[in-house]
Amino acid sequence: NDTVLIAGAGHAGFQVAVSLRQAKYTGRIALINDEKHLPYQRPPLSKAYLKSGGDPNSLMFRPEKFFQDQTIELIDGRAVAIDRDAKTLLLASGDKIEYGHLVLATGARNRQLDVPNATLDDVLYLRTLDESEVVRQRMPEKKHVVVIGAGFIGLEFAATARGKGMEVDVVELAPRVMARAVTPEISSYFHDRHTAAGIRIHYGVRATEIEGEDGRVTGVALSDGRTLPCDLVVVGVGVIPNVELASAAGLPTAAGIIVNEQLLTEDPNISAIGDCALFNSVRFGEVMRVESVQNATDQARCVAARLTGSPATYDGYPWFWSDQGDDKLQIAGLTAGFDQVVLRGSVAERSFSAFCYKDGQLIGVESVNRAADHVFGRKILPLGKSVTPEQAADLSFDLKKAMA
Ligand code: FAD
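Under our numbering, the sequence shown has 471 at position 344, and the numbering climbs by one with no breaks.
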């Protein structure tokens with residue numbers, strides 16, 4: 128059977144299909160899509176799309192004709208069970224589809240807020256186009272939003288809401304914004320920028336209850352006894368990887384679907400990629416799950432290459448971006464585990480990078496409005512090269528020299 132069946136038509140699933148055809152794969156490619164839209168980009172959902180006129184077509188990777196021209200079958204439906212012996216995938220409709228190879232690209236879903244009244248109508252999330260559309264439509268009629276979670280999505284939304292004139296409070300359990308993902312220097316910069324814009328950030332507190340009246344949100348009660356009044360709540364408290372399809376089929380899962388360094392599950396006929404995959408990174412010597420467009424698309428390319436005769440260890444180099452207000456944050460590498468941070472550029476001029484070191488070796492570059500430093504990081508880091516902390520801090524040192 129030459130069918131490559133892909134469960135999930137997000138960034139990862141779409142890219143596998145495209146990369147297979149680019150590699151001249153001639154077999155059947157079928158993409159199971161459980162959302163009511165053509166495959167689309169997720170990052171704008173918490174950024175540009177909320178400011179736009181709400182045209183879903185602006186988000187689509189490709190128009191419908193592309194799928195027809197490439198003979199990539201888009202099948203509306205939800206995968207509910209895998210029969211590994213028969214090599215079939217069962218859809219919620221009852222249809223069964225045979226596969227030669229199955230790619231699980233089921234992504235992740237919102238972690239739900241687990242407090243009283245969390246299901247009130249004005250408690251919203253931002254993961255899917257439909258959810259973003261509800262937020263977009265709701266914003267003009269609301270005055271005051273409480274954002275729960277100061278991660279990337281929460282802060283991107285907060286900046287957009289404030290830009291539209293809303294009162295914005297952000298509730299965060301950690302002592303700084305984006306604490307799991309960036310250095311304190313970057314957290315501090317974004318704290319200052321968001322508070323200067325009039326956003327109030329409340330650290331070290333958790334939401335304990337959504338307060339409501341007649342079904343409408345009136346406030347968020349906090350663990351320190353205060354209540355923040357509001358008429359809208361947007362929740363960004365992380366995601367849960369969609370592993371259930373795999374685990375019900377007996378495939379090993381933990382904080383993701385477990386795959387080897389080539390992104391294969393224990394079953395040689397099933398791969399898993401993107402937000403749902405917990406992979407063994409040879410480069411970083413650890414098991415990890417990464418939520419980013421880079422990871423989803425590079426893993427898709429790796430699987431497509433294997434399926435067309437060029438198997439390789441997955442070796443994509445992590446990079447990420449986040450647009451918050453007028454600021455663009457770009458991250459190259461994995462900055463966790465640093466023991467030294469050196470700043471290049473000027474915080475006051477809103478153009479600087481945090482060069483992160485571990486044992487004297489550059490491991491990541493976090494840049495604010497300094498695209499050239501980001502590009503440098505993406506080039507030099509995969510090569511294992513470095514610049515010294517002194518060179519990084521010295522604006523007169525030409526980073527390009529380090530590439531020679
Ligand atoms: P997804 O894109 O989540 O796609 C998975 C798809 O599978 C979904 O359509 C889901 O409905 C479907 N699915 C699940 N189960 C089934 C099933 N059983 N059957 C059929 N289909 C199923 N990353 C960046 O790098 N930069 C950013 O600025 C950025 N901003 C973001 C902003 C937002 C609001 C969000 C939500 C994410 C953002 N990300 C960003 C992260 C990035 O979008 C994800 O890492 C990426 O979408 C992961 O791709 P994926 O294909 O693995 O998962």
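Note that beta-carbon positions come from the ideal geometry of N, C-alpha and C, so glycine has one too.
Per DSSP, the beta bridge partners of Q457 are W448, S494. DSSP places A301 outside any beta strand (DSSP E), giving it a letter other than H or E.
Non-local C-beta neighbours of K506 in its own chain, meaning closer than 8 Å and more than five positions away in sequence, comprise M530, ordered along the chain.
A Cβ-Cβ distance of about 12 Å is found for the pair A150 and A427, leaving them out of contact under the 8 Å criterion. R211 has its Cβ no nearer than 7 Å to any heavy atom of the ligand FAD. Not one heavy atom of the ligand FAD is found less than 7 Å from the C-beta of R505. Exposed is the label assigned to S473, since fewer than 16 other Cβ atoms lie within 10 Å of its Cβ.
In the three-state reduction of the DSSP assignment, S480 falls in the strand class. Of the residues A277, A399, D402, N387, the one whose Cα lies closest to the Cα of G412 is N387. Comparing C-alpha distances from V409 to each of D394, L247, Q389, E371 shows the shortest one belongs to Q389. When the five nearest sequence neighbours on each side are left out, the beta carbons in the same chain lying within less than 7 Å of the beta carbon of R320 are those of G452, D454, in order along the chain. Counting along the chain, no beta strand (DSSP E) covers A475, and no H or E run does either.
If you ignore the 5 residues before and after P183, its C-beta comes within less than 8 Å of the C-beta of H164, Y167, L256, E260, all in its own chain and listed in chain order. For G346, there is no enclosing alpha helix (DSSP H); the enclosing beta strand (DSSP E) has its first and last residue at 343 to 349.
Put simply, the backbone Cα of V347 is about 15 Å away from that of K269. Between the alpha carbons of T322 and Y316 lies a distance of about 10 Å.
Under the rule that a run must span 3 or more residues, the beta strand (DSSP E) segments found entirely inside the region 362 to 389 read 366 to 368, 384 to 386. Contact between A134 and T233 holds, since their C-beta atoms are separated by about 6 Å, short of 8 Å.
In terms of side-chain proximity, the C-beta atom of T392 is found no nearer than 7 Å to any non-hydrogen atom of the ligand FAD. With 16 or more other Cβ atoms from the protein chains shown falling within 10 Å of its own Cβ, S480 counts as buried.
The DSSP-derived three-state label of R327 is strand. By the Cβ test, the region 489 to 508 is in contact with the region 461 to 478, since at least three Cβ pairs between them sit closer than 8 Å. With a cutoff of 8 Å on beta-carbon distance, A459 and L510 are scored as not near each other. Taking all protein chains in view, the Cβ of N369 is crowded by 16 or more other Cβ atoms within 10 Å, so the residue is classified as buried.
In the DSSP secondary-structure assignment, I209 is bridged to L216.
The residue among F141, R333, T153 with its C-alpha nearest the C-alpha of D296 is R333. The closest CA to that of T310, considering only E517, D521, E493, is found on E493.
With a cut-off of 8 Å on Cβ pairs, the region 212 to 227 is not in contact with the region 236 to 248, counting fewer than three such pairs.
If you check the CB distance, D161 and R211 do not come in under 8 Å. If you check the C-beta of I385 against the ligand FAD, you find no heavy atom less than 7 Å away. Across the set A381, T515, Y176, T435, the C-alpha of A381 shows the shortest separation from the C-alpha of V414. Short note on H501: C-beta not closer than 7 Å to any heavy atom of the ligand FAD. Per DSSP, the continuous beta strand (DSSP E) segment holding M415 begins and ends at 413 to 415. For Y444 and A144, the gap between their C-alpha atoms comes out near 21 Å. Counting only the Cα atoms, L522 lies some 12 Å from S478.
In this structure, F193 lies away from L201, with their beta-carbon atoms at least 8 Å apart.
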